[in-house]
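Engineer: Numbering (the working numbering), first residue to last: 28 to 90.
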Amino acid sequence: MLRAERGISRRQLAEALGVHYQTIGYLERGEYSPSLYLALRIAQHFEVPVEVVFSTSPFPRIG
28 MLRAERGISR RQLAEALGVH YQTIGYLERG EYSPSLYLAL RIAQHFEVPV
78 EVVFSTSPFP RIG
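Below is the structure:
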């Protein structure tokens, strides 16, 4: 949601984080759990607390 709101493509975010663009898709679909390091880097990239991006309970589906 943060990525889409800011008009950033999966590829752009992946390049900024140094990961493959498919990794971003897996994360967004909940098919992959990031390492703590990657989770913190994603939060830092968006300048939000990590809890805004990741949670131990599922987020409600949008749409």
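All residues carry an ideal CB built from backbone N, CA and C; glycine is no exception.
Quick caveat: nothing in here was measured; it's all calculated off a predicted structure.
#1: Assign LEU40 to buried or exposed, taking buried as 16 or more other Cβ atoms, counted over all protein chains shown, within 10 Å of its Cβ.
#2: Which term fits LEU54, buried or exposed, when burial requires 16 or more other beta carbons within 10 angstroms of its beta carbon?
#3: Distance check for TYR48 and GLU42, CA to CA, integer angstroms please.
#4: With a Cβ-Cβ cutoff of 8 Å, do LEU29 and PHE81 count as a contact?
#5: Mind checking which residues open and close the alpha helix (DSSP H) that includes PHE95?
Structural biologist: On the basis of the coordinates in this document:
#1: Counted from its first residue, the sequence shown places residue 40 at position 13. Taking all protein chains in view, the Cβ of LEU40 is crowded by 16 or more other Cβ atoms within 10 Å, so the residue is classified as buried.
#2: The sequence position of residue 54 within the sequence shown is 27, counting from 1. It counts as buried.
#3: Here residue 42 is taken as the residue at index 15 of the sequence shown, counted from 1. Here residue 48 is taken as the residue at index 21 of the sequence shown, counted from 1. Looking at the two C-alpha atoms, the distance is approximately 7 Å.
#4: Here residue 29 corresponds to residue number 2 of the sequence shown, with the count starting at 1. Here residue 81 corresponds to residue number 54 of the sequence shown, with the count starting at 1. Their beta carbons are not under 8 Å apart, which means LEU29 does not touch PHE81 by this criterion.
#5: This structure cannot settle anything about residue 95, because the visible part of the chain is limited to 28 through 90.
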